[in-house]
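Taking it in order: structure first as structure tokens, then the write-up.
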Amino acid sequence: MKQKRKPLRKIYGFSLNEWAMNGHRDALAIKELIRDWQRLSRHFNNGRFIELGCGTGIFGHLISKIRKDLIPYGIDKDHNKIAFANTKKFGRNFQCCDYFGFTSFERFQTAIIFIEKNIFHLPKIIGLARIWENTAPKDSRLIIFCYDRSYRKTFYGFVTKAFITIGLKSKLSHQDKRFLVISKQKC
Numbered sequence: 000m001k002q003k004r005k006p007l008r009k010i011y012g013f014s015l016n017e018w019a020m021n022g023h024r025d026a027l028a029i030k031e032l033i034r035d036w037q038r039l040s041r042h043f044n045n046g047r048f049i050e051l052g053c054g055t056g057i058f059g060h061l062i063s064k065i066r067k068d069l070i071p072y073g074i075d076k077d078h079n080k081i082a083f084a085n086t087k088k089f090g091r092n093f094q095c096c097d098y099f100g101f102t103s104f105e106r107f108q109t110a111i112i113f114i115e116k117n118i119f120h121l122p123k124i125i126g127l128a129r130i131w132e133n134t135a136p137k138d139s140r141l142i143i144f145c146y147d148r149s150y151r152k153t154f155y156g157f158v159t160k161a162f163i164t165i166g167l168k169s170k171l172s173h174q175d176k177r178f179l180v181i182s183k184q185k186c
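Residues 0 to 186 in numbering that gives the first Met the number 0 are what the sequence shown spells out, letter by letter.
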């Protein structure tokens, strides 16, 4: 059954300043990003999801408006962004910490990591994937979203090779121009 799309006017309820706090400054790029996020929402399992690197929580709020069956949680290392995310507009499911120190995904059906172009983060992302595989519920999903177009090919190649090399039992179940979806296999 095809999901109905929400009118974009409801999704655009954020000022350009709010988008800029998350590193998004160009209106056309924001519209493209929102379309990507709408496509991405189809890959979330029902229930709680955790966003690692949530910024001001715009993504969590937007996705929970598109999909009423999702409950957003998030962590980010920027205190000001987390304070904004925890306003009444978003709920209080956001915490301030470095997501590379995150140790358990057991409460979440979906985890999403947003990354920028930073080659030094790649081994840490693989480390998080191992933690996810060892602690997340069966049939959960890990989504890795890469913002930088010029970096995606390098990043996706690294992640795919790393998963094969380190022998993770999970599988790459979807690859899009901006994101990877990794699914736990049923046991």
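Note that the Cβ used here is the ideal one computed from N, Cα and C, for glycine as well. Bear in mind that the values here come from a model prediction, so they are computed numbers and not experimental data.
Item, Value
"Under the three-state reduction of DSSP, which class applies to K183: helix, strand or coil?", "coil"
"Report yes or no: do three or more beta-carbon pairs, one from the stretch 138-149 and one from the stretch 105-113, lie closer than 8 angstroms?", "yes"
"Spatial neighbours of I57 within its chain, please: CB distance less than 8 angstroms, with the 5 preceding and 5 following residues excluded, ordered by chain position.", "F13, E17, W18 and N21"
"Which residue or residues does DSSP assign as beta-bridge partners of F58?", "Answer by DSSP bridge pairing: none, since F58 is not bridged."
"Taking D75 as part of the beta strand (DSSP E), name the residues at either end of that continuous run.", "L69 to D75"
"Could you give the residue range of the beta strand (DSSP E) that holds T109?", "T109 to I114"
"Roughly how far, in whole angstroms, is the beta-carbon of D147 from the beta-carbon of E115, given that I think they are within contact range, below 8 angstroms?", "6 angstroms"
"How about Y98 and L61: are their beta carbons less than 7 angstroms apart?", "no"
"Just the C-alpha distance for P136 and F157, rounded to the nearest angstrom, thanks.", "25 angstroms"
"May I ask you to list the residues that DSSP assigns as paired with F178?", "F144"
"CB-CB under 7 angstroms to H120, same chain, minus the five flanking residues each way: which ones, in chain order?", "I114"
"Which residues in the same chain have their Cβ closer than 6 angstroms to the Cβ of F83, if we skip the five residues on either side of it in sequence?", "T55"
"Given a cut-off of 7 angstroms, decide if V180 and H42 are closer than it, judged by their beta-carbon atoms.", "yes"
"If you run the structure through DSSP and keep just helix, strand and coil, what is G12?", "coil"
"Taking 7 angstroms as the threshold (C-beta atoms), are W131 and F104 in contact?", "yes"
"Could you give the DSSP three-state label for S172: helix, strand or coil?", "strand"
"Between the beta-carbon of G59 and the beta-carbon of G46, is there less than 7 angstroms?", "no"
"So what does G52 bridge to, in DSSP terms?", "According to DSSP, which records beta bridges pairwise, G52 is partnered with nothing at all."
"I believe F48 touches F107 by the beta-carbon criterion, under 8 angstroms. Please report the beta-carbon distance rounded to the nearest angstrom.", "6 angstroms"
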